[in-house]
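Protein chains in written order, with my numbering: chain H, 4 to 220; chain B, 4 to 220. For glycine and all other residues, C-beta sits at the position ideal for the given N, C-alpha and C. Scroll down for the structure; my scribbles are underneath it.
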DNA sequence: TAGATTGTTAATCGATTAACAATC
DNA sequence: TAGATTGTTAATCGATTAACAATC
């Protein structure tokens, strides 16, 4: 129910999940929801949900009634920064890069990709998702002129470190890394790996465990 | 140093990061590495890294020498299940679906996508990444025949729940969900959201905080 | 041997859960 | 009012960090 106290990290991590579910409810015209109901649907502990919601909601919930769906949505969006547009430049307009440039949901998450960059001359000069694709040579100039500090790295693993270094040299401060390699960066640069390997491992390990159990009974 | 005790969840989550860095070291011909060195490069606490490695490594590290890179890699791969191939079916051969079907790194992570499915007749019948794309009508039959239990959901949000229900009806037990919506599933079905919204939020919030701090000093 | 480095035990911290009081 | 539901305080649990012993 505050805007002052910092949100616990684990709560923050669960927020996108709540947001998705509340979006669904809002779409169905549901106006209020009890923490218990959210917990049941999302397979979380009831008290955990109450605490999470209390940590972000401005007005809090009301006994007998629960939380107002729209208010919760706004609160979560604010906490996650969806209402604060970040501009980004993407490097590597391959299959994945195209998918990211085309994806329309990013605007809703507060991300605006201004342009893509690629060293392949066949790709440079085209448009993807209504955004220009420029040759790699123009990256630094573009980056400095637009004062963008967020870079999306979608090149193959082999060139990722090299492109990363270039980004850092041009003033990029935070890198969203889709390349499946470890990036070495100076201390003040933020790197967030989009770690598909992790979700995949979590999923397949759980599946394996469940099927082994299933076999036993 | 065990294979018996369960790996703490937080350790498990860090494993893909170690794996990537160790891969890089192995590629450079480095044979042994100290936990301290890993900690420094990955910006983690030294003791945490020691504990993590101790939890997965079969033979453990040796004083003065550190851990053997290759042995660590094998141990982590085993823990994450990379050495255990899971077969999967993908539904939704759009930009993202194509990127996933084309991505060659999955084999290394123990994932084999057998086929893609799409309801667009223009896409069905083609091949992507050397794998067949079949019409949606063939999904259930294919799924049952091949006994595949892992489904990759890469359709737009609007049709995701519907496709999800179909998957569950055909025997899929675990769903890797790339659609940006909440999925409602029966209790025994596993869903792992590939939550790009989260990494993006983490990154842009940290960037914001860092830039605000930077402005003050 | 001395020193680097691992491994372990204990202390701290943060997150989850349980119990219960407050409120509409 | 009674009951559903929130919010809070205390107890438990798990993860991180600190201190130190073990070992090559």
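Contacts that residue i makes with chain B (C-beta to C-beta distance below 8 Å)
i	result
residue 101 (chain H)	98, 102
residue 3 (chain H)	As shown, chain H starts at 4 and ends at 220. That puts residue 3 (chain H) outside it, with no answer to give.
residue 27 (chain H)	184, 185
residue 152 (chain H)	210, 214
Same chain only: Cβ atoms within 8 Å of residue i, ignoring 5 sequence neighbours per side
i	result
residue 160 (chain H)	182, 183, 184
residue 91 (chain H)	114, 115, 116, 117, 151, 153, 154, 155, 179
residue 76 (chain H)	22, 25, 26, 29
residue 147 (chain H)	173, 174
residue 163 (chain B)	156, 180, 182, 184, 186
residue 134 (chain B)	104, 116, 117, 118, 119
residue 74 (chain H)	60, 61, 62
residue 33 (chain H)	72
residue 176 (chain B)	152, 153, 191, 192, 193
residue 106 (chain B)	132
residue 204 (chain B)	none
Neighbouring residues, chain B, relative to residue i (Cβ below 9 Å)
i	result
residue 14 (chain H)	Those do not exist, as residue 14 (chain H) stays about 12 Å from chain B at its closest Cβ, beyond 9 Å.
residue 258 (chain H)	Chain H is shown from 4 up to 220; residue 258 (chain H) falls before or after that span and cannot be answered.
residue 215 (chain H)	Per Cβ cutoff of 9 Å: no residues; residue 215 (chain H) is ~12 Å from chain B at best.
residue 223 (chain H)	No answer is possible for residue 223 (chain H): the residues shown for chain H start at 4 and end at 220.
Within chain H, the residues that residue i reaches when beta carbons sit closer than 8 Å
i	result
residue 9 (chain B)	Here the premise fails: no neighbours, minimum Cβ distance about 10 Å.
residue 197 (chain B)	199, 202
residue 189 (chain B)	Going along chain H, no residue has its Cβ under 8 Å from residue 189 (chain B), so there is no contact; the nearest lies around 11 Å.
residue 58 (chain B)	Going along chain H, no residue has its Cβ under 8 Å from residue 58 (chain B), so there is no contact; the nearest lies around 15 Å.
residue 176 (chain B)	210, 213, 214
residue 193 (chain B)	206, 209, 210, 213
Identified DSSP bridge partners for residue i
i	result
residue 76 (chain B)	Residue 76 (chain B) is not bridged to any residue.
residue 136 (chain B)	B:119
residue 130 (chain B)	B:135
Which listed residue (the options) has its alpha carbon closest to that of residue i
i	options	result
residue 125 (chain H)	H:113, H:115, H:95, H:151	H:95
residue 98 (chain H)	H:195, H:132, H:21	H:132
residue 139 (chain B)	B:105, B:93, B:148	B:93
residue 87 (chain H)	H:100, H:111, H:213	H:111
residue 50 (chain H)	H:129, H:38, H:64, H:60	H:38
residue 123 (chain B)	B:108, B:19, B:158, B:53	B:158
residue 17 (chain B)	H:197, H:212, H:210, H:216	H:197
residue 44 (chain B)	H:190, H:202, H:211, H:210	H:190
residue 144 (chain B)	B:203, B:215, B:169	B:169
residue 201 (chain H)	B:202, B:13, B:19	B:19
residue 208 (chain B)	H:102, H:214, H:193	H:193
residue 47 (chain H)	H:80, H:33, H:13, H:65	H:13
residue 40 (chain B)	H:187, H:212, H:67	H:187
residue 227 (chain B)	H:64, H:84, H:66	This structure gives no information on residue 227 (chain B), because the portion of chain B shown stretches from 4 to 220.
residue 78 (chain H)	H:100, H:55, H:204	H:55
residue 80 (chain H)	H:100, H:53, H:109, H:101	H:109
residue 214 (chain H)	B:210, B:101, B:203, B:89	B:89
residue 199 (chain H)	B:53, B:210, B:167, B:102	B:102
residue 195 (chain H)	H:167, H:206, H:210	H:167
Nonlocal neighbours in the same chain, by C-beta distance under 6 Å from residue i, ignoring five residues either side
i	result
residue 31 (chain B)	none
residue 120 (chain B)	94, 137, 139, 142
residue 5 (chain H)	The pLDDT assigned to residue 5 (chain H) is 38, lower than 50, so where the model puts this residue is not dependable, and the model offers no usable value.
residue 65 (chain H)	none
residue 15 (chain H)	none
residue 42 (chain H)	49, 52
Contacts that residue i makes with chain H (C-beta to C-beta distance below 9 Å)
i	result
residue 113 (chain B)	203, 204, 207
residue 89 (chain B)	203, 206, 207, 210, 211
residue 135 (chain B)	Going along chain H, no residue has its Cβ under 9 Å from residue 135 (chain B), so there is no contact; the nearest lies around 18 Å.
Own chain residues within Cβ distance below 7 Å of residue i, not counting five before or after
i	result
residue 36 (chain B)	28, 69, 70, 72
residue 10 (chain B)	58, 59, 82
residue 220 (chain H)	At residue 220 (chain H), the pLDDT of 48 sits below 50, so the modelled position is not reliable and the matter cannot be decided from this model.
residue 216 (chain B)	none
residue 129 (chain H)	136
residue 171 (chain H)	188, 189, 192
residue 127 (chain H)	121, 136, 137, 138
residue 100 (chain B)	93, 119, 157
Check: residue i C-beta below 7 Å from any heavy atom of the ligand ZN
i	result
residue 63 (chain B)	Of the ligands one can find in the structure shown there are none, so the ligand ZN has no counterpart to examine.
Within chain B, the residues that residue i reaches when beta carbons sit closer than 7 Å
i	result
residue 105 (chain H)	98
residue 124 (chain H)	None at all; the shortest Cβ gap to chain B is about 21 Å.
Interface partners of residue i on chain H, CB under 7 Å
i	result
residue 138 (chain B)	None at all; the shortest Cβ gap to chain H is about 22 Å.
Which runs of the alpha helix (DSSP H), 4 residues or longer, sit entirely within the segment 141–195 of chain H? You should have 142–149, 160–172.
* Hey, which unbroken runs of the alpha helix (DSSP H) at 4 residues or more fall wholly within the segment 66–117 of chain H? -> Along the length of the segment 66–117 of chain H, whole alpha helix (DSSP H) runs at least 4 residues long occupy 72–83, 98–105, reported in chain order.
List in chain order: all unbroken alpha helix (DSSP H) runs of 4+ residues lying wholly within the segment 10–37 of chain B. Counting only runs of 4+ residues, the alpha helix (DSSP H) found wholly inside the segment 10–37 of chain B occupies 12–30, in chain order.
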